[in-house]
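As structure tokens, the structure follows; a few thoughts come after it.
Chains as they are written, first to last, in the numbering used here: chain A, 5 to 220; chain B, 332 to 571.
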């Protein structure tokens with residue numbers, strides 16, 4: 005074990021972690037919005053919307069994220085859509101994550117007792133208002149644990165974005181490996197940093213969840 | 332006020348309502364009794380379109396609610412509903428449970444809605460629970476809040492779907508008291524219930540349903556002391 009490269013290269017890891025966090029953050033936000041939309045489409049009465057959402061979810065979940073990333077980064081420019089690396093990374097990751105989040109939200113909405121919707125409708129709320137003010141706030145509470153797990157998954161899977169040259173943690177660790185000719189130490193550091201991120205987040209979510217439970 | 336003509340309802344192949352005709356007048360308290368599976372809850376739920384009738388027409392205050400062009404959300408504001416399982420919003424305080432619809436549907440200000448809620452809480456005797464959550468209330472208190480929530484929209488008619496069936500026996504009284512008060516104030520009410528005492532005391536008219544039909548309708552005296560239909564006799568003999 006030789007970590008003598010660290011004084012020279014430590015900034016690679018710090019910047020990499022920052023980039024990973026920013027990448028995961030945007031992915032999660034966009035993935036959530038897209039996922040919410042998809043789940044509502046999937047639950048809607050319209051057969052067309054339902055079909056589109058179901059097809060999207062099944063297809064995305066049934067194909068490798070690497071293929072999706074390549075399609076966005078290498079494929080889209082051929083049809084005139086040029087995204088810079090970072091945007092392409094966020095786009096591919098959130099398109100992927102949205103499919104999983106959509107299923108989480110759908111389960112959360114369906115877990116809300118049917119009587120809640122009936123009560124809201126009987127008061128004269130239209131479907132959309134009942135969803136917004138009655139169903140979704142309760143569903144969000146149901147899905148927080150599963151959503152937290154999805155965020156952790158996104159942090160880990162964001163490492164594939166290194167392949168299209170986004171300077172996140174994995175990319176930078178690999179750069180250090182190339183410069184120092186030492187494979188084990190830089191990758192080990194990267195692994196530990198990923199672990200600190202995901203473990204820290206899962207502990208933090210655990211505290212958050214307990215607080216929510218206490219407020220019941 | 333409500334006219335029901337030849338109402339049919341199927342669930343799949345099962346015909347639950349087989350042609351119900353009835354008229355409910357303003358200020359009247361109509362109690363619907365009958366064995367379970369007789370279609371009485373389904374009948375009530377058709378009145379505000381929580382169940383969509385398969386066939387037939389329902390006219391409320393001169394407007395056909397079964398007409399596809401009718402905005403049912405507008406009409407539901409005029410028809411309060413109370414459920415067997417209360418269906419309070421567990422994530423909202425008592426105050427917010429009552430004020431949510433007045434604010435979000437009618438567009439009242441927070442102050443206006445709060446005033447309505449506080450007046451209603453006074454009427455049902457639960458002012459001290461204003462900031463509590465449904466979880467902290469007893470069944471009877473929950474149902475009284477649910478009644479207040481429906482009343483907050485100032486409906487013209489109140490529909491009660493077995494409002495005391497999920498309650499412990501000692502809590503039935505407090506809910507019935509609120510309903511009696513409401514009836515005496517002149518509210519039009521349709522009540523599906525197994526509380527024969529309430530039917531006898533408060534109802535202007537009792538409908539006996541069985542097998543998807545209204546078998547008999549009459550004043551409570553006539554139904555309870557001198558039922559004409561043999562099925563009504565059977566049913567009352569079993570439960571009284």
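Think of the CB as a built atom: it goes at the ideal place given N, C-alpha and C, for glycine as much as any other residue.
* Note down, in chain order, all residues in the segment 452-476 of chain B with a beta-carbon under 7 Å from any beta-carbon belonging to chain A. => 466
* To do: Kindly list, in the order they appear in chain B, the residues whose Cβ is closer than 8 Å to that of residue 133 of chain A.
  => The residue labelled residue 133 of chain A in the question sits at position 129 within the first chain. Chain B residues near residue 133 of chain A: 435 and 436.
* Asked: Residues of chain B with a CB under 7 Å from the CB of residue 126 of chain A: which are they?
  -> Position 122 of the first chain, counted from the start, is the residue given in the question as residue 126 of chain A. By Cβ distance, chain B contributes 379, 381, 407 and 412.
* Would residue 489 of chain B be called buried (16 or more neighbouring beta carbons within 10 Å of its own) or exposed? -> Numbered from its first residue, the second chain carries residue 489 of chain B at position 158. So residue 489 of chain B ends up on the buried side.
* Asked: Using the rule of at least 16 other Cβ atoms within 10 Å of the residue's Cβ for burial, across every protein chain shown, is residue 340 of chain B buried or exposed?
  -> Sequence index remark: in the second chain, residue 340 of chain B carries index 9 (1-based). Its Cβ being crowded by 16 or more others within 10 Å, residue 340 of chain B is buried.
* To do: Kindly list the residues whose CB is nearer than 7 Å to the CB of residue 433 of chain B, restricted to its own chain and excluding five residues on each side of it in sequence; keep chain order.
  => Here the question's residue 433 of chain B lines up with position 102 in the second chain. These residues qualify, in order along the chain: 439, 444, 447, 483 and 484.
* To do: Please confirm if residue 215 of chain A has its CB atom under 8 Å from at least one CB of chain B.
  => If you number the first chain from 1, residue 215 of chain A lands on position 211. Output row for residue 215 of chain A: interface = no.
* **residue 42 of chain A beta carbon less than 8 Å from that of residue 61 of chain A** => Along the first chain, one-based indexing puts residue 61 of chain A at 57. Along the first chain, one-based indexing puts residue 42 of chain A at 38. Cβ atoms of residue 61 of chain A and residue 42 of chain A: closer than 8 Å.
* Asked: By the criterion of Cβ-Cβ separation under 9 Å, what are the contact partners of residue 484 of chain B in chain A?
  -> As a working mapping, residue 484 of chain B is identified with position 153 in the second chain. Within 9 Å Cβ-Cβ: 127 and 128.
* Start-to-end residues for the beta strand (DSSP E) that takes in residue 337 of chain B -> Here residue 337 of chain B refers to the residue found at position 6 when the second chain is read from its first residue. Segment 333-342, the beta strand (DSSP E) holding residue 337 of chain B.
* Quick one: residues in its chain with C-beta nearer than 6 Å to the C-beta of residue 386 of chain B, no 5 flanking neighbours on either side, listed in chain order? => On the second chain, position 55 is the one that residue 386 of chain B refers to. Within the same chain, residue 386 of chain B has close Cβ partners 339.
* Looking at residue 562 of chain B and residue 541 of chain B, is the spacing between their C-beta atoms short of 8 Å? -> Mapped onto the second chain, residue 541 of chain B falls at position 210. Mapped onto the second chain, residue 562 of chain B falls at position 231. Yes; because the gap between Cβ atoms is below 8 Å, this pair is in contact.
* Apply the 10 Å Cβ neighbour rule to residue 492 of chain B and answer buried if 16 or more other Cβ atoms are within range, or exposed otherwise. => For the purposes of this step, residue 492 of chain B is identified with residue 161 of the second chain, where counting begins at 1. The residue in question, residue 492 of chain B, is buried, as its Cβ has 16 or more Cβ neighbours within 10 Å.
* Using three-state DSSP, classify residue 367 of chain B as helix, strand or coil. => Position 36 of the second chain, counting from 1, holds the residue named residue 367 of chain B. Correct three-state label for residue 367 of chain B: coil.
* Whole-angstrom distance between residue 402 of chain B and residue 164 of chain A, CA atom to CA atom -> Walking along the first chain from the start, residue 164 of chain A turns up at place 160. Walking along the second chain from the start, residue 402 of chain B turns up at place 71. The alpha-carbon atoms of residue 164 of chain A and residue 402 of chain B are separated by roughly 51 Å.
* Closest Cβ-Cβ distance between residue 119 of chain A and chain B: below 8 Å? -> Reading the first chain from its first residue, position 115 is the one you call residue 119 of chain A. Residue 119 of chain A counts as touching chain B.
* Asked: Apart from the five residues on each side of it in sequence, which residues of its chain come closer than 7 Å, Cβ to Cβ, to residue 90 of chain A?
  -> In the first chain, residue 90 of chain A corresponds to position 86, counting from 1. Taken in chain order, the residues that qualify are 170.
* To do: For chain B, find out if any of its Cβ atoms is closer than 8 Å to the Cβ of residue 141 of chain A; answer yes or no.
  => Numbered from its first residue, the first chain carries residue 141 of chain A at position 137. Chain B contact via Cβ: present.
* Asked: Does the beta-carbon distance from residue 460 of chain B to residue 472 of chain B come in below 8 Å?
  -> Mapped onto the second chain, residue 460 of chain B falls at position 129. Mapped onto the second chain, residue 472 of chain B falls at position 141. In this structure, residue 472 of chain B lies closer than 8 Å to residue 460 of chain B by Cβ.
* Asked: residue 35 of chain A to residue 135 of chain A, Cα distance in whole Å?
  -> Your numbering for residue 35 of chain A matches position 31 in the first chain. Your numbering for residue 135 of chain A matches position 131 in the first chain. When rounded, the distance between both Cα atoms is 20 Å.
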